[in-house]
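Report on the following structure.
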Amino acid sequence: MDGIADAARADRTFPKDGAHEAVRAQLRGQQADGDAFAAVDDAGSDWMAI
7 MDGIADAARA DRTFPKDGAH EAVRAQLRGQ QADGDAFAAV DDAGSDWMAI
């Protein structure tokens, strides 16, 4: 997840509100690897469990 956080800090267009689908769309646009999507999905699941 650190890689995603680093990318978010470096990219002015990264969706800072943290909306799950917006983050996934950003990752798709940057052709991120499957690990990045898995990390976002895990974080989303954790958030929904709260």
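Residue numbers (our numbering): 7 to 56. Glycine residues also receive a C-beta, built at the ideal position from the N, C-alpha and C atoms.
Out of the options, point me to the one whose CA is closest to residue i's CA.
{"i": "G24", "options": "I56, A49, D39", "result": "A49"}
{"i": "D47", "options": "D12, P21, R30", "result": "R30"}
{"i": "G35", "options": "I56, D17, S51", "result": "D17"}
{"i": "L33", "options": "S51, I56, A13", "result": "A13"}
Would you tell me roughly how many angstroms separate the C-alpha atoms of residue i and residue j, rounded to the nearest one?
{"i": "A28", "j": "P21", "result": "6 Å"}
Taking residue i and residue j to be in contact with their CB atoms under 8 Å, please state how far apart those CB atoms are, rounded to whole angstroms.
{"i": "I59", "j": "A45", "result": "As displayed, the chain neither begins before 7 nor continues past 56, which places residue 59 out of reach and without an answer."}
Would a check of beta-carbon distances place residue i closer than 8 Å to chain B?
{"i": "V46", "result": "No chain B appears in this structure, which consists of one protein chain only."}
Which ranges does the alpha helix (DSSP H) cover as unbroken runs of at least 4 residues, wholly within the segment 10–44, from first to last along the chain? Look at the segment 10–44 and you find these whole runs of alpha helix (DSSP H), each 4 residues long or longer: 26–35.
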